[in-house]
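Engineer: Dropping a structure here in structure tokens format, bear with me for questions.
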Amino acid sequence: MQLPLKIFLATVVLSLALFFFVIYDSMAGNNLQNVPSEAVKGKMVFQKRACIECHTVFGNGGYYGGDLTKAYEKFGSNGLREYLTQPPLLSGAKKKRHIYLSNEEAEEITAYFRFLQSIPNMDWPPRPVYDKKEEPGVK
Ligand code: HEC
Numbered sequence: 019m020q021l022p023l024k025i026f027l028a029t030v031v032l033s034l035a036l037f038f039f040v041i042y043d044s045m046a047g048n049n050l051q052n053v054p055s056e057a058v059k060g061k062m063v064f065q066k067r068a069c070i071e072c073h074t075v076f077g078n079g080g081y082y083g084g085d086l087t088k089a090y091e092k093f094g095s096n097g098l099r100e101y102l103t104q105p106p107l108l109s110g111a112k113k114k115r116h117i118y119l120s121n122e123e124a125e126e127i128t129a130y131f132r133f134l135q136s137i138p139n140m141d142w143p144p145r146p147v148y149d150k151k152e153e154p155g156v157k
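For the sequence shown, our numbering assigns the number 19 to the initial residue and increments by one for each residue that follows.
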């Protein structure tokens, strides 16, 4: 066998080995065993009730209702339960209330938000980096 062919084959084998290692490693780290079962149920409620149509989580979803990645930090368990089981009028609306959940659904979705809180995401979503008053033309 000629040397260039040997180098080529060695590179192919090494690349394949690296590829399979990276795939294996990423799958081993992503198993669902560490996710509390309540949080999994909450995620199902989140999907069933289509919260994603209006809300983002980690930046994915609709932009109508704001990002919910830190909803648990903002409201806590009691606040979330109250918001979702006795929803307020949407701001600017005279009659339209926020979507309503049963107590059970609210508990499960709270567990989901609590779990989201535990995912290290480097403080995402970012806070505004400037003060509105400093922006030219805005008072
Ligand atoms: C039809 C669109 C829509 C859907 C669907 C929807 N929301 Fe909302 N949500 C909103 C809007 C709009 C607001 C902001 C309320 C306001 O401005 O008065 C909001 C606010 C919230 C807030 C308070 C956020 C904050 O930071 O003040 C939470 C928590 C929330 N929604 C959770 C949920 C959950 C959980 C679901 C799914 C069960 C859901 N929403 C489905 C539109 C929606």
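Where is the CB? At the ideal position from N, CA and C, for every residue including glycine. All values reported here derive from a predicted model rather than from experimental measurement.
#1: Indicate, with yes or no, if the ligand HEC has a heavy atom lying under 6 Å from the CB of Ser109.
#2: Does the beta-carbon distance from Leu119 to Leu102 come in below 7 Å?
#3: Using the Cα positions of Gly84 and Tyr42, report the straight-line distance between them to the nearest angstrom.
#4: Does the Cβ-Cβ distance between Arg99 and Ala68 come in under 7 Å?
#5: Where DSSP assigns a beta bridge to Asp85, which residues make up the other side?
Structural biologist: With the structure as the only source:
#1: Under cutoff, so the answer is yes.
#2: Yes, Cβ-Cβ distance for Leu119 and Leu102 is below 7 Å.
#3: Each residue's Cα considered, the two are about 35 Å apart.
#4: Taking 7 Å as the Cβ cut-off, Arg99 and Ala68 do not qualify as a contacting pair.
#5: In DSSP, Asp85 forms a bridge with Thr74.
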